[in-house]
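K.L.:
Counting in the numbering used here, the sequence shown runs from 1 upward without gaps. Quick reminder that beta carbons are idealized off the backbone N, C-alpha and C, glycines included. One structure follows; several queries about it will come next.
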Amino acid sequence: MKVPELEPLLQFVAQRTGTRLSRQQRERLEAELDREVPPGGGAAYLAMLQAREGAHELARLLAVVSVHKTDLFRDEPQLEALQTHVLRPLVASGRPLRLWSAGCSTGEEVATLLVLLAEAGAHPDSSVLGTDLSAAALEQAKRLAFTPEVLKRVPPELLGRYFRDGALVPTLKARARFAQHNLVDRPYPFANDDAHFDVIVCRNVLIYFTAEAARDTVSSFVERLTPGGVLVLSTAEPLLEPVPELTTLRLPGAFFYQRASATPAAPVDPPPPPRPSAPPPRPSAPRPARPAITGEIPVVLTPEDEGRKLFELVLEWAATGEDHPETEAGLRKALYLAPQLAGARYLLGLILERRGVAADAASEYRRALAMLEAGKALPSAFFLNNERLKQACKLALKRVRVA
């Protein structure tokens, strides 16, 4: 298909997903459209997608650009903070809790939340809703059965307690429900009948959205949260602008967003407790093999290209949320090769912030912001565009100053 004929199709899919398509997403979508659309048939194909009878085909294309790479217990520090400082206090109320995994992919996050609820002693009628725009992903998610590779982060004691041959035990599986939903579409689901959600988890989703789509999505999340309810985003995608109804809840190793309570009994944004200068030790567990960060980049590339290529590789590691030394080392090497990678410097600041090294984190955020404001920063896939990354740096600087 000729590029001019392809572009309206790409723009329509981007609009329906609320995303600014990355290079990888465009390539996957272009390959799919080349197979499906005959030469000269782009306009007719677009009209079909826009009509009711094209809903099934459109859903298939939306799934092509979706990211379905995840593990159970991804980002353990954030999950530990969620269980200790959010779920356990909610469990103390004695009522059933309602959680929503928005963009649940193939069910790993739903299973993780069900286990966290069980470990916190939640009411047996508590439930987790999982939604995704991909029907194929949801069909897999409903089985709540996983491969050993996907289960590698689950602590051994929890694996033995809640899984049988890779599948979640029936008592927890019965507390899950699933629905197909595109976050750019309205209406948004309720927890049950007209009940709202106590916790909404939407991790590694908004980072792919345009600023407008992300803003609308967060606004809809707020409408579906109970008073005092908590919105959980990934540590790599903080809100890029203040939301009047939400207060940042700062905790050791994580920060969440809490909807104002109808009758707050205490400040919802207390100062964090003293944090250690070094991260607490964690039980050792087998780690997946990582590609070596040396000797893999073709020598024909410039240092700047090497830095970009290495940063793309490091992003795969960082997306797991695991504070692994190789992630920091890879970022520092990428910055050595390409000092103007503002995305890499921002991500390094996030790692340092989570370790409690606020001064060093602020230094990295300031350096990234200076490059962005001077127009000297290299473009990268992280946050998809430098304007959004600039806002993220400004918010991060405010966050570390308050903490």
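Could you tell me whether the Cβ atoms of proline 170 and alanine 179 are closer together than 9 Å?
P.N.:
no
K.L.:
Assuming leucine 144 contacts alanine 111 under a Cβ cut-off of 8 Å, what Cβ separation, rounded to an integer in Å, is found between them?
P.N.:
5 Å
K.L.:
Given lysine 376, which residues of its chain have a CB within under 7 Å of its CB, disregarding the five upstream and five downstream residues?
P.N.:
Closer than 7 Å at Cβ, skipping near neighbours: Gln340.
K.L.:
Between leucine 337 and leucine 348, is the Cβ-Cβ spacing less than 9 Å?
P.N.:
no
K.L.:
What did DSSP end up calling tyrosine 188 once you bin it into helix, strand or coil?
P.N.:
Reduced to three states, the DSSP call for tyrosine 188 is coil.
K.L.:
Would you mind giving the Cβ-Cβ distance between leucine 183 and leucine 114, rounded to the nearest angstrom? I have them listed as a contact below 8 Å.
P.N.:
Leucine 183 to leucine 114, Cβ: 22 Å. No contact.
K.L.:
Please list the terminal residues of the continuous alpha helix (DSSP H) segment that includes phenylalanine 221.
P.N.:
211 to 224
K.L.:
Tell me arginine 28's beta-bridge partners as DSSP assigns them.
P.N.:
Per DSSP, none; premise fails for arginine 28.
K.L.:
Which stretch, first to last residue, makes up the alpha helix (DSSP H) that contains valine 110?
P.N.:
108 to 119
K.L.:
Rounded to whole angstroms, what's the CA-CA distance from leucine 82 to valine 201? Just pull it up for me.
P.N.:
10 Å
K.L.:
Rounded to a whole number of angstroms, what is the C-alpha to C-alpha distance between alanine 43 and arginine 35?
P.N.:
Their backbone Cα atoms lie some 16 Å apart in a straight line.
K.L.:
On the DSSP bridge assignment, give the partners of aspartate 360 in chain order.
P.N.:
For aspartate 360, which the question treats as bridged, DSSP gives no partner whatsoever.
K.L.:
Under DSSP, the alpha helix (DSSP H) around glutamine 78 begins and ends at which residues?
P.N.:
76 to 82
K.L.:
Closest by CA to arginine 74, which one among Glu109, Pro96, Arg98 and Cys104?
P.N.:
Glu109
K.L.:
Please tell me whether leucine 352 and leucine 369 are closer than 9 Å, where the distance is taken between their beta carbons.
P.N.:
no
K.L.:
Would you check if the stretch 97 to 108 and the stretch 152 to 163 touch, i.e. whether three or more CB-CB distances between them fall below 8 Å?
P.N.:
no
K.L.:
In whole angstroms, give me the CA-to-CA distance for alanine 31 and leucine 6.
P.N.:
11 Å
K.L.:
By the three-class DSSP mapping on this structure, what secondary structure does valine 91 have?
P.N.:
helix
K.L.:
DSSP on glycine 103, reduced to helix/strand/coil?
P.N.:
Of the three classes helix, strand and coil, the one that applies to glycine 103 here is coil, per DSSP.
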